[in-house]
Amino acid sequence: MFQQRTHTCGELTKKDAGKIVVLNGWVDRIRNLGGLIFVLVRDRYGKTQIVFDPNENKEVYEKALRLRNEYVVSIEGEVRLRPEKDVNVNMKTGEIEILATHLEILSQSEVPPIYVNKDEEVSENLRLKYRYLDLRREKMQSNLLVRHKVMKASRDFLSYNNFVEIETPYLTKSTPEGARDFLVPSRLKPGTFYALPQSPQLFKQLLMVSGFDRYFQIARCFRDEDFRADRQPEFTQIDIEASFVKREDIFNFTEQLIKEIFQEAINESIEVPFKRYTYDEVMNKFGSDKPDTRYGMEFIELNEYFKETKVKFIKEKLTQGALLKGFVIPEKAENFTRSKFDELVEFSKDLGSSGMIWIANSDDIRSNIKKAAETEIIKLIEGGIIKKNDVMLMILEEKDKVNEILGQLRVHIIKQELKKKVGFDFLWVTDFPMFSWGDEEQKIVAEHHPFTMPNLEEFKKFKDTDPLRIKSQSYDLVINGYEIASGSIRIHDRNIQREVFKVLGLDEKEIEEKFGFLIEAFKYGVPPHGGIAIGMDRLVSILVEEDSIKEVIAFPKTASGSDPMTGAPSPVSKKQLEELNLALLREPIDKEER
Ligand code: ASP
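When you line the sequence shown up against our numbering, it's residues 3 to 596, in that order.
Quick look at the structure:
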């Protein structure tokens, strides 16, 4: 039996001097100074320095010569004060060390394939293959600890406020959120499939029908999407639904919850209520439905300044009804060389614009329309739109295109040219369009999901003629340019629900087949209800200032959806396939990562 720890490695300080203690942990670092061996022993709580001194205990010293990094040890010894010159003020245990009197090697370690005790650039594949070692690193330990605190704060806050945590099934029928389902073949009913839930959406609504007027769940969601940017096939939501509520109630308790999370997880006190914008406002001002407003650079309409312009292409486009809009990058003129502007022009063309106008108000005014539009440029400067040393970028296109292209330019400039801002930027975006045109599907799709309550007046007016004009009672919470939460007031009337399905192109038979159980439930007394789901992975990544959500998930997948550690997804045996009544059309592709 090994000697169990009396303390953790992050605990002992000078007030413990003289105590005989036992520590258990991993060898973090070894310094052999010839006469003495210093070993840092690490556990989740910190690190403590151990001294092996041959003059004090020769046998233990000799055993210590066998230690290597990442061995697991149990050490007994006496706490003593470090000599003044060796005190490490950056370590909680930096004033003491343990003079070892007993050493047990509990487990040996081969040389780890990735560094545990320092942050080194290592390929993601290697990090994920040896994730259990990667997770020993201090930053990863701290990230997962913050994640735990977020879950705990959520559970505590929501439970205190009368929300009930209820689990909903993973093996279910498709609950559409607009993505592709992961399917699980059923053995007992050959030829049929379960779908893994894209979210608990329909179940949480059914729980409202059951009378659980305040529900929450820390729920895993599954979406089989191509891996754009920083997505994971499974991710976690703090999923919430409530009955007899208005949008204001949902904003209110979500703000309180977020406030609590920031306080408990990172000790940051934030201000509520959050700012609000409608979807139309953010699109017009920032060209994005999730702007990071810390960077300012709101769009300005400039048609008025170019009303009488002699520049032919501007004049022509303006008379055709185009919009000229731009934004100012303050005090950056000297950073923008001609070649940088040329690159930006190319970038904006790649985004689908016919060009980009730029003005730099440096000592001598520079612009690609300087000769032709000097008067207009001077008007912009004298009108205080472009100040000394500012840069202005402009796009001239029809309304939606202008906003979209400028929006992407703005994000590009933020990433490439501006210093990363600190702090947090919270905002609600409300009144999203109810429907949009799905390029992939080549039909009208629900912008949020089909259970969102439309703006009823607009719905009545435009559902048969121009459904894309209808707004919905939905909202997103945006933090630092990321969509952190999304929700809506739901439809609780089965006739409206049916009509929404119809706008989406479903006929009676499909409605019955896919959503019959919901329409059926809606026959039996449905309270008005609404809710929200917070994307926990992204929220935690913001709290710990990581760009990628992989840094806050214990065992994430690579961009191609695989796990280099377990080898998932992997081929299965013929027998397993037969049991499931399945045959493969093609042999499995052997991915490199496997
Ligand atoms: N189920 C929605 C989603 O996953 C959130 C909600 O409407 O509550 O985006």
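Built from N, CA and C at the ideal position, the CB exists for glycine as well.
All of these numbers come straight from a predicted model, not from anything done at the bench.
Annotated three-state conformation of S144 is helix, per DSSP. A distance criterion of 7 Å places the beta-carbon of I534 in contact range of the ligand ASP, judged by its closest non-hydrogen atom. F434 sits close to S474, with the two beta carbons spaced by under 8 Å.
The beta carbon of E169 sits no closer than 7 Å to any heavy atom of the ligand ASP. Here DSSP, grouped into helix, strand and coil, assigns G440 to strand.
Proximity of the beta carbon of S490 to the ligand ASP is indicated: a heavy atom of the ligand is located closer than 7 Å. For V546 and H150, the gap between their C-alpha atoms comes out near 12 Å. For E72, no alpha helix (DSSP H) run applies, since DSSP gives it neither H nor E.
Here V24 really is in contact with S76; their C-beta atoms are around 6 Å apart, less than 8 Å. Distance from the Cα of F343 is smallest, within the candidate group E333, I361, L353, L326, for I361. Out of P332, Q258, A448, L382, the CA that lies nearest to the CA of T311 is found in L382.
DSSP, reduced to helix, strand and coil, places K390 outside both helices and strands of the structure shown, so it counts as coil. Looking at the DSSP output, H9 sits in no beta bridge, so it has no partner there.
Membership of A362 in the beta strand (DSSP E) is indicated by the continuous run 359 to 363.
In the three-state scheme derived from DSSP, where H, G and I count as helix and E and B as strand, D344 is classed as helix. With a cut-off of 7 Å, the C-beta of E179 is classified as near the ligand ASP, since at least one heavy atom of the ligand falls inside that distance. If you draw a straight line from the Cα of R182 to the Cα of V502, it is about 20 Å long. For A66, the enclosing alpha helix (DSSP H) starts and ends at 60 to 66. Around the beta-carbon of M3, fewer than 16 other beta-carbon atoms lie within 10 Å, marking it exposed. As for any alpha helix (DSSP H) of minimum length 4 sitting wholly inside the segment 512 to 579, the runs are 538 to 545, ordered along the chain.
A distance below 8 Å between beta-carbons, with the five flanking residues on each side excluded, links N405 to the following residues of its chain, in chain order: M285, N286, G289, F301, K327. For V574, the closest C-alpha among the options F349, M567, A585 is that of A585. For F165, there is no enclosing beta strand (DSSP E), as DSSP marks it with neither H nor E.
G409 and F453 have their C-alpha atoms spaced approximately 29 Å apart. With a cutoff of 7 Å, H451 counts as near the ligand ASP, since its C-beta is closer than that to a heavy atom of the ligand. If you draw a straight line from the Cα of G193 to the Cα of K516, it is about 17 Å long. For R133, the number of other beta carbons within 10 angstroms of its own is at least 16, and it is reported as buried.
Going by C-alpha positions, R500 is about 8 Å away from I513.
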